[in-house]
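As numbered in the numbering used here, residues 2 to 256 make up the sequence shown, in order. Heads up, the beta-carbon is just placed ideally off N, CA and C, and yes, glycines get one too. Bear in mind the structure is a predicted one, so any value in this text is a computation, not a measurement.
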Amino acid sequence: MHPVLVQIGSLKIYSYGVFVAIGFLAALWVSSREIARRGLDREKFLDMGFWVVLSAIVGARLFHVLVYWREYAAAPSEILKLWNGGLVFYGGFIAAMAACALYLRRHRMPFLPVADASALGIPLGLAFGRLGCTSAGCCFGKATTLPWAITFTDPASLAPLNVPLHPTQIYESLAGFAIFGFLYATRDRFRTPGMRFWTMLILYGAARSFLEIFRDDPRGFLGPFSESQVVSAVLIVYAVASILRARSKSVKLSP
């Protein structure tokens, strides 16, 4: 693919960073419109967005560095080179949710309605971010003979060169767009606070767990499962338990 989007002299603009930025902006724009549609404070949400984005970047990078600590311990200067790829979605997601919860508590805003609005933007932002992974060559897939395999030829790519690979980055990008499309099309059907957010966690967790099977980049593993599969399972269990608890409460409140 094309890790470097534009180069002017020694100045390089990396495709990965551009797509990640587009993803953050798209997620923030879509979610802020949904916040306004729900009658919540859009200005406070946009203010929160700065801290959420910053926390997401730090969390995503920290998770990646911890997984590959041996490599980074030998070359600490590489830790800050975000343009080379290396942002773990779940690390960013967990950090962003923590920052969101703290901000909302401080400003006395309801968590679940804001989480529901954010659930619309998260998969969209992820979809654009994975296009950045495609450009950089990170998160690459296993070798395959399938007709839709992609082959990386740019020496700056992080993927193995001249080998047809599963386009796992594109798989996940398509999954993100599909989840966004579903949640957008059904946005008026989720009446219980938190239901859309929990549904997003289940859909993405299931998709991520399945797509991990096709990846071949070095990752952390816990037994036969990748760390992302383990986190996906935990979030799915949390989401299902939350849905069951919410339904139980609604049944008790029914006359």
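Chain-order list of residues whose beta-carbon lies under 7 Å from that of residue i (same chain, five-residue window excluded)
i, result
"residue 142", "166, 167, 168, 169, 215, 216, 217"
"residue 13", "5"
"residue 144", "164, 165, 166"
Buried versus exposed call for residue i [16 or more other C-beta atoms within 10 Å across all chains shown]
i, result
"residue 75", "exposed"
"residue 108", "exposed"
"residue 25", "buried"
"residue 230", "buried"
"residue 4", "buried"
"residue 192", "exposed"
"residue 255", "Residue placement at residue 255 cannot be trusted, given a pLDDT of 49 that sits under 50; what the coordinates show is reported in the next sentence. With fewer than 16 Cβ atoms within 10 Å of its Cβ, residue 255 is classed as exposed."
"residue 46", "buried"
"residue 225", "exposed"
Residues of its chain near residue i, where Cβ-Cβ distance is below 6 Å and the 5 sequence neighbours each way are ignored
i, result
"residue 228", "221"
"residue 176", "208"
Nearest neighbour of residue i, chosen from the options [CA to CA]
i, options, result
"residue 196", "52, 60, 156, 247", "247"
"residue 234", "204, 219, 249, 244", "204"
"residue 90", "113, 79, 56", "56"
"residue 64", "136, 238, 95", "95"
"residue 36", "122, 172, 69, 161", "122"
Simplified DSSP assignment, three categories, for residue i
i, result
"residue 157", "coil"
"residue 255", "Low confidence applies to residue 255: its pLDDT is 49, below 50, so where it sits in the model is not reliable enough to give any reading."
"residue 95", "helix"
Under 7 Å between C-beta atoms of residue i and residue j
i, j, result
"residue 60", "residue 18", "no"
"residue 198", "residue 120", "yes"
"residue 132", "residue 20", "yes"
"residue 184", "residue 240", "no"
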